[in-house]
Amino acid sequence: MIPYDLPWWIFAIFLFVYGTVLGSFLTVCVHRLPQHLGPVEHVLPTSDGLWAGFLSDLRILWPDWKSLWAAWGSLWRNPSHCDRCQKKLMARDNLPIVGWLMRGGRCRFCLRRIPAKYPLIELANGLLFVLLYWMEIPIGWNVTIAQSCLTTSLSPATPENWFGNFPIMMVNVRFVYHLILLEALLVASLIDWDLMIIPDSVTLPPLAMGVAGAVAFGKLWLVPVWFQDSSIVRTSFYWLTGEHAPDWLSIAKPGWIGLHPQWHGLAVSLAGIVIGGGAIWGIRLIGQWALKREAMGFGDVILMGMVGAFLGWQPTLVAIFLSAFLAVFFVLVTRMLAWDREIPYGPFLSLGTLIVVLFWKWIWRRTELYFSLGPFLPLVAIFMASGLGLTLLLVRSVKELFGYSASDDDVFDEWTSADQLSHFAGETVDLQQGRWPAESWPGSLAARGQCHDNQWRHPPSSGWKQQWQRR
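Converting from the sequence shown to this note's numbering requires adding 21 to each position, the first position being numbered 1.
Set out below in structure tokens:
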């Protein structure tokens, strides 16, 4: 039981205020971290084969540490200032939400308009703090840890065993642990939505913190690194081989899990990194091979490796599965609204992870059976990977049947002569620029609001224009 003396609304106010303050720092991260990108983060695979694409990705697997230090150093090296006039903001201007409202959404000095996304991020982060605390930590005198959204039949039995005899402290430690993950996902999603890239400076430091927290506290995991339903495994083994299963297949969980919590925490975190990141990496390679174009950025691979470091491999795979449904639903809605924009996948991975954390108790009841297959899980993974490849090949074949090729979907950054002419025509306000002086009826200029501007640039000297000016 976890008793609390204070009413819930006091916790909610404190969490909301603290969340908005930290959200103000997150806006700085979103703005500054993408300004320091290493050259390897822009490398894209160019080969078609799976093995060649894997080797190409290995070149960008190792991070650029110099860029990482520069990115994080930029967060505290320069105080908050206006990007236009470069003047340092006053302390009251940095107040979350309130500071933006008091200034009317403009800079105090140069009156430049400040985007509304900054107070919205602060507001969303404050609400995220309240929501996560409300779902993870049961509050009241007659509640138990079993009422948390993270408690399942396989989760750590009692928080007293985590770190001494302080259950209240440890459930709050787990809340902070997951909050670090969600804050990193929020920053990564906002950057990915704007710039279509997830910098390593956003994902690698939290990934290291996830591993360190798992080792330090031991029982922050949601599901053991390995478990199996012995009855299903024995039946499947006999059906496949005609023989009785060996003794090790009759064990539901390895015994060392309870004896060595720190080592088990490390195993859960490392397995989450390898399987979570590896699943996205496999989808990236299969999509590139089947569609003949880049299907997913490498930043998504590191992103899900970070998620796996905090949650373990089973919840991470569930988050990937949910993100696919969320992305398909969003694309269908935007297509019906005629919104043509290339959409990054990182925000959907983050949203799927948030759903897993908030509703894990209910999600696990419906997915536990699939993860209890034990040694037969690799066969399921091979089957699903093969199905994904065949589905993508079918999609490409249908597109080619209707006259579309893989290159039709590519985004070309080349500036052609047609682009130059269109840009020049749209930016030219002087009708005489770049051409011989052309006689024009003044009424057409007046209709465009350019009559006086044209007279000032090209004073009339002869002809009917002088007569019109005298009138």
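No residue lacks a Cβ here, since even glycine has one placed at the ideal position from N, Cα and C.
Which residues share a DSSP beta bridge with ARG134? ARG127
Bridge partners - LYS109, DSSP secondary structure assignment: HIS102
Spatial neighbours of ALA406 within its chain, please: CB distance less than 7 Å, with the 5 preceding and 5 following residues excluded, ordered by chain position. GLY303 and ILE307
May I have the straight-line CA-CA distance separating VAL223 from ASN193, to the nearest angstrom? 24 Å
Roughly how many whole angstroms lie between the Cα atoms of SER371 and PHE380? 14 Å
Determine, using beta carbons only, whether THR321 and ILE219 come nearer to each other than 8 Å. Note that residue 321 corresponds to Asp in the displayed sequence, not to Thr. Yes, they are a contact pair.
Whole-Å CB distance - ASP221 paired with ILE118, under 8 Å assumed: About 30 Å; that fails the 8 Å criterion.
Express the C-alpha separation of MET217 and GLN168 in angstroms, rounding to a whole number. 39 Å
For ILE384, which three-state DSSP category applies? helix
Excluding the five sequence neighbours on either side, which residues of its own chain have a C-beta within less than 7 Å of the C-beta of GLY120, listed in chain order? ARG113 and ASP114
Rounded to the nearest angstrom, what separates VAL339 and LYS109 at their Cα positions? For VAL339 and LYS109, the distance between alpha carbons rounds to 45 Å.
Assign HIS102 to buried or exposed, taking buried as 16 or more other Cβ atoms, counted over all protein chains shown, within 10 Å of its Cβ. It counts as exposed.
Considering only residues of the same chain and omitting the five flanking positions on each side of ALA92, which have a CB-CB separation below 6 Å? In the same chain as ALA92, and ignoring 5 residues on each side of it, the C-beta atoms closer than 6 Å to its own belong to LEU54, HIS57 and SER222, in chain order.
At least 3 beta-carbon pairs within less than 8 Å: the stretch 239-249 vs the stretch 331-338: Short answer: they touch.
Would you check if there are 3 or more beta carbon pairs closer than 8 Å linking the stretch 389-401 to the stretch 281-299? no
Out of GLY395, TRP383 and LEU400, state which residue places its alpha-carbon closest to the alpha-carbon of THR173. TRP383
Buried versus exposed, by CB contacts within 10 Å (16 or more), PHE433: For PHE433, the predicted model reports a pLDDT of 46, less than 50, meaning its position is unreliable; a value from the coordinates is still stated below. Flag for PHE433 reads exposed.
Could you say which of THR41, ILE278, ALA311 and GLY410 lies nearest to GLU143 if we only look at CA atoms? THR41
Which word fits VAL416, buried or exposed, when buried means at least 16 other C-beta atoms lie within 10 angstroms of its C-beta? exposed
Taking PRO396 as the reference, which of LEU270, TYR366 and ARG133 has the closest Cα? It is LEU270 whose Cα lies nearest to the Cα of PRO396.
Got a sec, what are the start and stop residues for the alpha helix (DSSP H) ILE34 sits in? 29-53
In chain order, what residues of the same chain lie with their CB nearer than 7 Å to the CB of PHE196, ignoring the 5 residues before and after it? LEU153, TYR154, GLU157 and ILE158
My guess is that PHE32 and ILE201 are in contact by the Cβ rule of under 8 Å, so how many angstroms apart are they, rounded? Contact check for PHE32 and ILE201: beta-carbon distance about 19 Å, past the 8 Å limit, so the pair fails to qualify.
Hey, how far is the Cα of ILE294 from the Cα of ALA209? 17 Å
Taking the runs of the alpha helix (DSSP H) that are 4 residues or longer, which of them lie wholly in the stretch 279-344? 282-312 and 319-332
Proximal residues to PRO140 (C-beta, below 6 Å), its chain only, five neighbours per side dropped: ILE118 and TRP121
With C-beta atoms as the reference, is LEU203 less than 8 Å away from LEU375? yes
Compute the Euclidean distance between the alpha carbons of MET230 and HIS265, then round it to the nearest angstrom. Their backbone Cα atoms lie some 44 Å apart in a straight line.
Helix, strand or coil: how does DSSP classify TRP242 here? coil
Could you tell me the distance, in whole angstroms, from the CA atom of THR355 to the CA atom of ASP361? 7 Å
Roughly how many angstroms separate the alpha carbons of ALA359 and SER257, rounded to a whole number? 49 Å
Enumerate in chain order the residues of its own chain whose CB-to-CB distance from ALA273 is below 7 Å, with the five nearest sequence positions on each side excluded. PHE248, GLN249 and SER251
Given that a residue counts as buried once 16 or more other Cβ atoms are within 10 Å of its Cβ, and exposed if not, what is ASN475? That one is buried.
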